[in-house]
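Asks: This is the structure, below, for whatever I ask next.
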Amino acid sequence: MSSTKDNWFYEHFDTAGTAFGLRLKQKLEEVQTEYQHIEMWETDTFGYLMTIDGATMLSTRDNFLYHEMMSHPVLFSHANPKRVIIIGGGDCGTLREVLRHPSVEKATQIDIDEMVTRYSEKYFPELCESNNDSRAELLFEDGVQYMRNCEDGSVDVIIVDSTDPVGPAEGLFKADFFRDCHRVLADGGIIVQQSESPLLHSDTIIKDLHANMREAGFTTTQTLPFPQPVYPSGWWSCTLAGKNTDVSEFRETDATGKGFETKYYSAAMHKGALVMPPFMEKAIKG
Numbered sequence: 013m014s015s016t017k018d019n020w021f022y023e024h025f026d027t028a029g030t031a032f033g034l035r036l037k038q039k040l041e042e043v044q045t046e047y048q049h050i051e052m053w054e055t056d057t058f059g060y061l062m063t064i065d066g067a068t069m070l071s072t073r074d075n076f077l078y079h080e081m082m083s084h085p086v087l088f089s090h091a092n093p094k095r096v097i098i099i100g101g102g103d104c105g106t107l108r109e110v111l112r113h114p115s116v117e118k119a120t121q122i123d124i125d126e127m128v129t130r131y132s133e134k135y136f137p138e139l140c141e142s143n144n145d146s147r148a149e150l151l152f153e154d155g156v157q158y159m160r161n162c163e164d165g166s167v168d169v170i171i172v173d174s175t176d177p178v179g180p181a182e183g184l185f186k187a188d189f190f191r192d193c194h195r196v197l198a199d200g201g202i203i204v205q206q207s208e209s210p211l212l213h214s215d216t217i218i219k220d221l222h223a224n225m226r227e228a229g230f231t232t233t234q235t236l237p238f239p240q241p242v243y244p245s246g247w248w249s250c251t252l253a254g255k256n257t258d259v260s261e262f263r264e265t266d267a268t269g270k271g272f273e274t275k276y277y278s279a280a281m282h283k284g285a286l287v288m289p290p291f292m293e294k295a296i297k298g
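Per our numbering, the sequence shown starts with residue 13, numbered consecutively.
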């Protein structure tokens with residue numbers, strides 16, 4: 013839940029007994045869609061802020077951390093990614109990063125709520141600069157249902173850029189969804205799912221993700237932690253799963269000479285993120 017007081021936005025994480033706040037300049041606009049309540053704010057030091065149902069989604073200042081780590085590790089872990097599906101990702105930042113890879117021939121983004129994209133086009137235009145790329149396809153529909161209807165072995169990489177596992181996104185964390193993803197991926201394909209806070213969720217959401225991905229038929233799984241100031245605990249993660257491929261390895265030479273500029277991701281950062289702290293290893297493996 014969230015609250016505002018004395019020109020501050022606060023997001024309260026009651027189960028963790030903590031909160032996060034940003035000083036505000038003003039509320040810009042809000043809308044109640046069929047699916048969720050979206051609000052746009054102007055903050056004092058983090059630029060624009062989008063919240064959904066009171067939960068922080070992204071800010072101008074630090075979104076690059078999330079978008080780069082949700083895209084480049086998985087794409088450099090695949091041998092030759094050509095066909096990419098993004099489930100969620102309505103702010104289009106992950107799509108932009110995906111299309112920086114010249115091997116990608118088509119990237120389809122499926123987000124259930126079109127207003128997330130429309131607000132992003134208005135307040136985060138830098139994230140939407142690849143929306144008109146000839147390789148990009150933007151769809152506004154249910155990602156779980158979309159995956160059920162996809163052709164077997166038709167995709168190289170699936171990126172699940174979802175909100176928390178409640179409401180419209182709850183089904184994106186279930187074994188049935190991962191079974192559909194496994195079927196749709198070609199041999200050697202990889203899925204990556206945003207996987208919440210290592211500090212708060214290693215023994216719950218992250219542990220369950222590994223189990224559900226393995227149950228769905230994926231042969232290897234790997235969680236990569238990274239900083240994310242506006243999310244609970246300031247520490248976030250993504251979890252990769254490979255279909256007959258080892259997601260603890262990546263094309264390090266290609267990542268080193270990637271040919272485009274990033275603010276956080278590098279081959280060295282990728283290599284370092286593959287080393288999970290002992291408490292995470294223990295929590296995930298039980």
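Glycine included, C-beta positions come from ideal geometry on N, C-alpha and C.
This structure is a prediction, so every number in the text was calculated from the model and none was measured.
I'd like the span of the beta strand (DSSP E) that includes residue 158, first residue to last.
Replies: Here residue 158 belongs to no beta strand (DSSP E); instead the alpha helix (DSSP H) covers 155 to 160.
Asks: Leaving out the 5 sequence neighbours to the left and right, which residues in its chain are closer than 6 angstroms to residue 155 when beta-carbon positions are compared?
Replies: 99 and 122
Asks: In chain order, which alpha helix (DSSP H) runs of at least 4 residues are fully inside the stretch 235 to 272?
Replies: 264 to 268
Asks: Could you tell me how far apart the beta carbons of residue 276 and residue 76 are, in whole angstroms, since I believe they sit closer than 8 angstroms?
Replies: 6 angstroms
Asks: Report the residue from 69, 24 and 166 whose alpha carbon sits nearest the alpha carbon of residue 94.
Replies: Taking the Cα of residue 94 as reference, the smallest distance to any Cα among 69, 24 and 166 is reached at 166.
Asks: Hey, out of 250, 210, 230 and 232, whose CA is closest to residue 290's CA?
Replies: Among 250, 210, 230 and 232, the Cα nearest to that of residue 290 belongs to 210.
Asks: Pick helix, strand or coil for residue 129, following the three-state DSSP scheme.
Replies: Correct three-state label for residue 129: helix.
Asks: Is the stretch 242 to 262 touching the stretch 215 to 228, taking contact as three or more C-beta pairs under 8 angstroms?
Replies: Cβ pair count under 8 angstroms is three or more, so yes.
Asks: Relative to the alpha-carbon of residue 243, which residue among 54, 71 and 53 has its alpha-carbon at the smallest distance?
Replies: 71
Asks: Could you tell me the distance, in whole angstroms, from the CA atom of residue 137 to the CA atom of residue 205?
Replies: 24 angstroms
Asks: Near residue 78, what residues of its chain come up, given a Cβ to Cβ distance below 6 angstroms and the 5 sequence neighbours on each side ignored?
Replies: 240
Asks: Can you tell me where the beta strand (DSSP E) holding residue 200 begins and where it ends?
Replies: 197 to 206
Asks: How long is the line joining the alpha carbons of residue 149 and residue 143, rounded to whole angstroms?
Replies: 8 angstroms
Asks: What are the start and end residues of each continuous beta strand (DSSP E) run of 3 or more residues lying completely inside the stretch 33 to 76, in chain order?
Replies: Qualifying beta strand (DSSP E) stretches, in chain order: 49 to 55, 60 to 64 and 67 to 71.
Asks: Can you grab the Cα-Cα spacing for the pair residue 62 / residue 36, in whole Å?
Replies: 12 angstroms
Asks: Residue 84: which of 106, 191 and 246 sits nearest, CA to CA?
Replies: 106
Asks: Cβ of residue 232 within 8 angstroms of Cβ of residue 260?
Replies: Between residue 232 and residue 260, the C-beta gap is smaller than 8 angstroms, which places the two residues in contact.
Asks: Would you mind working out which of 234, 287, 229 and 29 sits nearest residue 188, comparing C-alpha positions?
Replies: 229
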